[in-house]
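Residue numbers (the UniProt record's numbering): 1 to 128.
Glycine is no exception: its CB is placed at the ideal position from the N, C-alpha and C atoms.
In this text the structure is predicted, and so the values were computed from the model without any measurement.
To start, the structure under review is shown below, and the notes come after it.
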Amino acid sequence: MANLSASNHVARVLSAANQVAGVDTEARIAASWRRCVVNHNLDPARRGPPQTLTEAEVRHIAEPMEDLIQVAIPELEDLARVLHDAGYCVNLADPNATMLVSRLPGGDYDRMFLEWKIYTGSNFAETF
């Protein structure tokens, strides 16, 4: 079942990248998929986690934005409290799509986000 789901996703990405009519995909998501495939030569069938930076690498990247991060953290935590019961995480990323701050909802949701590599230090840049 997981392979079928993965192959369906790959087919949708490739259809969107090739601008096939009738693909039910939100325009901005399709545009992202298209950039990934066409501009960056990423393979949608590639399995594996996103790049994850070490704690030291994250500190180095975050250092120039430390004042902004300190101002943002209370707001991120407030938002995380509001979204907690719905199972959402809250992240602050830099312009290169590296997550500098993550607030996970806890419990089973944490395991899911950790499995998906959605936490501080993960990088989701299209140019991966």
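Check your understanding: So Pro105 and Cys89 are in contact, right, with Cβ under 8 Å, and what is the actual spacing, rounded?
Key -> Rounded to whole angstroms, the Cβ separation of Pro105 and Cys89 is 6 Å, and the two are in contact under 8 Å.
Under 6 Å Cβ to Cβ from Ala93, same chain only, skipping five residues before and after it: list those, please.
Met99
### Query
Once you ignore the five residues that flank Ala80 on each side, which residues in its own chain have a CB closer than 6 Å to its CB?
Val90 and Arg103
List the endpoints of the continuous beta strand (DSSP E) containing Leu100.
Met99 to Arg103
Pick from Thr120, Ala30 and Ala125: whose alpha carbon is nearest that of Ala56?
-> Thr120
Whose C-beta lies closer than 7 Å to the C-beta of Asn3 among residues of the same chain, with five residues either side of it excluded? At Asn3 the pLDDT is 49, less than 50, meaning the model places this residue with poor confidence; the figure from the coordinates comes in the next sentence. Counting only Cβ-Cβ distances below 7 Å, and skipping sequence neighbours, we find nothing.
**Q.** Completely contained alpha helix (DSSP H) runs for the region 14-91, where each covers 4 or more residues
**A.** The region 14-91 contains these whole alpha helix (DSSP H) runs: 27-34, 55-62 and 66-83.
Indicate the three-state DSSP secondary structure (helix, strand or coil) for Ala93 in the structure shown. strand
*So the alpha helix (DSSP H) Phe113 belongs to, where does it begin and stop?*
Gly107 to Glu115
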